[in-house]
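Since the structure comes first, as structure tokens, the remarks are kept for the end.
Residue numbers (our numbering): 42 to 110.
Listed below in structure tokens is the structure:
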């Protein structure tokens, strides 16, 4: 069964002048046993503008080591 939640994109500008965007995931979703990401996991992000969606995929051990994109 899919997990659903409302999330908000936030922008933070650091002292160095660089801007970063954050997506906050509600704790009820993040602590659910079906949630596949854990703190420190690496993932790849794909933005599909035509479908208006963002897809996150967990990176396998092989991809992490090789630095593939």
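Glycine is no exception: its CB is placed at the ideal position from the N, C-alpha and C atoms.
These numbers come from a predicted model, not from an experiment.
Exercise. Using DSSP with H/G/I as helix, E/B as strand and the rest coil, what is residue 72?
Worked result: Your numbering for residue 72 matches position 31 in the chain shown. If DSSP states are grouped into helix, strand and coil, residue 72 belongs with coil.
For this session: May I ask you to report which of helix, strand or coil DSSP gives residue 62?
Result: The count along the chain shown starts at 1 and reaches residue 62 at position 21. Residue state, collapsed to three classes: strand.
Exercise. Which one of 84, 90 and 91 has the shortest CA to CA distance from residue 98?
Worked result: Taking the first residue of the chain shown as position 1, residue 98 is located at position 57. The shortest C-alpha separation from residue 98 is found at 84.
Problem set entry | Nearest-angstrom Cβ-Cβ length linking residue 77 and residue 48, presumed shorter than 8 angstroms | Your numbering for residue 77 matches position 36 in the chain shown. Your numbering for residue 48 matches position 7 in the chain shown. Between residue 48 and residue 77 the Cβ distance is about 16 angstroms, and since that is not below 8 angstroms, they are no contact.
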